[in-house]
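Engineer: In this text, residue positions in the sequence shown follow numbering that gives the first Met the number 0: the first is 0, and each later residue adds one. Beta carbons: idealized from backbone N, C-alpha and C, even for Gly. Being a predicted model, the structure only gives us computed values, none of them experimental. Quick one: the structure is below, questions incoming.
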Amino acid sequence: MKATSPWDQRRPERELLLICLGGIGIGVILVLGSLHGAGKPLGLTSLLPFLVFALSLAGLHLALVMAGFRGDQILVVAMAFLAGFGLLARTRLGAFDAGTGGSGLADFAFVGGFLAMLAILLGFMGGRYRALAAGHWPWVWAGISLLLVAALLVTGQRFRGAIFGTGFITPTELLKVSFVLFAAAYIDRQAKGLGAWEFHGLMPPWRPLAPLAGVWAALVILLLIQRDLGMVIILGVTLPVLLVLGTRHWGYMGYGLAGAGLLGWLLLAVFQHGERRIQAWLSPFHDPTGDSWQVLQGLSGMYSGGLWGEGFGAGNPEYTPIAESDFIYAVIGEELGFVGGALVMAFFLLIFLRGLQIAYRSRSSFGLLLAGGLTTVLATQTFLNIGGVTKFIPLTGITLPFISQGGSSLLTAFAILGLLLAISDGEPPGTRARARSSGPSPARSRAAKSPRAPARTRKVTPHTPPEGS
């Protein structure tokens, strides 16, 4: 059979990316038309963000073809659609206008994200991602995680209850990668010990668990001091999931739920910031012009959007505080309606599904843990953002991956996707597949210990042809 070229192998991705560019291009024309009708001056530079976006996707696809990348194609397309939605929403909000604090030309954050994703993908494809867990690297990732939080606590500035770095960046966003790398590598090494529960399977083995729990607890305490509740929840969800994936012992999930309840009580009893957010969630009309103002404005906008939305440029997202970041999903719901919001959620679900498939198909246990942990981070972040905007859960002030405006958050989301794509590329030939069971079956064990029985022979009677033949 004739081998297909990398260009032909990635044909589905190329065709879907063209459909994506066509849809986003139509949306850009509608957005710019509505802005022009509202009296805003437009020029050729107004199309520059979309042109940069299109060139970035083209460059990404060509780079994957030239590198002979064999990984997931649907994941790239889903990312492109979500990043395109973010481009439309930020254009609608004037993020690229020089007069509103934008660059006047283009916001190059998503370009940096594309480059970071491509660099990580090419650097760790072909099974090279396993080097991230080799040697002393697990403790390097633990040290980087602690250093990020401690440095921000010392040098950061407080704004709207949280602590930010210089230029309002949040370097702790990198915890979504560094902590998962540490936890996945450590659990991969200590899987046997972590799975040996004591006292008839009721108590986890504290000796191998102590270093992992110690690093996690130190990060949570520092994050609570910074009032970064969203990151605390992300780390609190990710660690039990990784322990269950690595040991296949569901008891870790039970202890995780108990710890979540204890942490929630602590937030209400000690931290006034968390208590105010709970009150704004339970009784938003108790303080409609204070802590509940943002939630109520977002809900009002989505309600006015209805099923099909008011159309690009016809809504009033400027009435919602921080709409370009925390509440960008409310902008989509107002101007594209329930259908537009459901479409965004469908693409997020597609990314999560592909991430779980990549984890399941990984030929190494570290690949399983890393892909599962990164997918959990993205899913938890998405749930916290959309759930907070729609008042399903209390507001945490966390961004929506690939869509919200933001430098460090956007770069981290693309870095996560780069690692997932690198794992999806597979392993080099000859790599031993990971065991999918906890050990050999009893029947096979007995057969291996017993001496080999001699082969039974069958007496063969010579064939005598009939007479006259």
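(1) With a threshold of 7 Å on Cβ separation, who are the neighbours of I224 within its own chain once the five nearest residues in sequence on each side are excluded?
(2) Let's see if you can read the secondary structure: which residues bound the alpha helix (DSSP H) around A141?
(3) If you follow the alpha helix (DSSP H) that H60 is in, where does it begin and where does it stop?
(4) Considering just the uninterrupted stretch of the alpha helix (DSSP H) at T246, what are its terminal residues?
(5) With C-beta atoms as the reference, is L557 less than 9 Å away from A182?
(6) Can you tell me whether DSSP reads M116 as helix, strand or coil?
(7) DSSP three-state call for M202: helix, strand or coil?
(8) Cα separation between L20 and L114?
(9) Tell me which same chain residues have a C-beta within less than 6 Å of the C-beta of P45, skipping the five on either side of it?
(10) Locate the alpha helix (DSSP H) running through Q477, then write down its first and last residues.
(11) With hydrogens ignored, establish whether the beta-carbon of S324 is closer than 8 Å to any heavy atom of the ligand SAM.
(12) Taking the alpha carbon of L221 as the point to measure from, which residue in F413, E323, S144, F123 has its own alpha carbon closest?
(13) Give me whichever residues DSSP pairs with E334 in a beta bridge.
(14) Rounded to whole angstroms, what's the CA-CA distance from L15 to V76? Just pull it up for me.
(15) From G174 to R188, what distance separates their C-alpha atoms?
(16) Which residue marks the beginning of the alpha helix (DSSP H) containing L4, and which one marks its end?
(17) Between E323, G125, F68, I168, which lies nearest to S4 when the distance is taken from Cα to Cα?
(18) Any contact between the stretch 75–92 and the stretch 396–405? By contact I mean 3 or more CB pairs, one from each, below 8 Å.
(19) Could you check what DSSP says for E12 in three-state terms: helix, strand or coil?
(20) Quick check on the DSSP output: the alpha helix (DSSP H) that includes Y185 runs from which residue to which?
(21) Let me check understanding here. Comparing Cα to Cα, which of E274, T319, R275, I277 lies closest to L295?
(22) Give every residue of the same chain whose Cβ lies closer than 8 Å to the Cβ of I232, excluding the five residues on either side of it in the sequence, and list them in chain order.
(23) When burial is assigned at 16 or more other CB atoms within 10 Å of the CB, is L242 buried or exposed?
(24) Name the one or two DSSP bridge partners that E197 has.
(25) Could you check which residue in L256, F346, A150 has the C-alpha nearest to that of G83?
(26) Cα-Cα, which of L59, F109, M124, F284 is closest to T411?
(27) Between which two residues does the alpha helix (DSSP H) containing N384 stretch?
(28) Checking 9 Å against the spacing of the C-beta atoms, do G255 and V236 come in under that value?
(29) Would you check if there are 3 or more beta carbon pairs closer than 8 Å linking the stretch 194–204 to the stretch 126–134?
(30) In whole angstroms, what separates the C-alpha of G258 from that of G304?
(31) Exposed or buried, T171, counting other C-beta atoms within 10 Å across all chains shown (16 or more means buried)?
(32) Please name the residue in A216, L238, A149, V179 whose C-alpha comes closest to that of L193.
(33) Cα separation between R498 and R362?
(34) Taking just the CA atoms, how far does H35 sit from G371?
(35) Only counting the same chain, and skipping five residues up and downstream in sequence, which positions put a Cβ closer than 8 Å to that of L218?
Structural biologist: By the coordinates alone:
(1) L152
(2) 136–154
(3) 47–65
(4) 228–246
(5) The chain is shown from 0 up to 468; residue 557 falls before or after that span and cannot be answered.
(6) helix
(7) strand
(8) 19 Å
(9) For clarity, residue 45 is Ser in the given sequence; the question names Pro instead. L31.
(10) Nothing can be reported for residue 477: it is not among the residues displayed for the chain, which extend from 0 to 468.
(11) Of the ligands one can find in the structure shown there are none, so the ligand SAM has no counterpart to examine.
(12) S144
(13) Its beta-bridge partners do not exist; DSSP assigns none.
(14) 7 Å
(15) Per the sequence shown, residue 174 should be read as Leu rather than Gly. C-alpha separation (whole angstroms): 21 Å.
(16) Here residue 4 is Ser; the residue named in the question, Leu, does not match the sequence. Careful: S4 lies outside any alpha helix (DSSP H) and carries neither H nor E.
(17) F68
(18) yes
(19) helix
(20) 174–188
(21) T319
(22) T379, L383, T395
(23) buried
(24) M202
(25) F346
(26) F109
(27) 364–388
(28) yes
(29) no
(30) 39 Å
(31) buried
(32) L238
(33) It is not possible to answer for residue 498, since the shown part of the chain is limited to 0 through 468.
(34) 45 Å
(35) S144, L145, V148, L174, F178, L234
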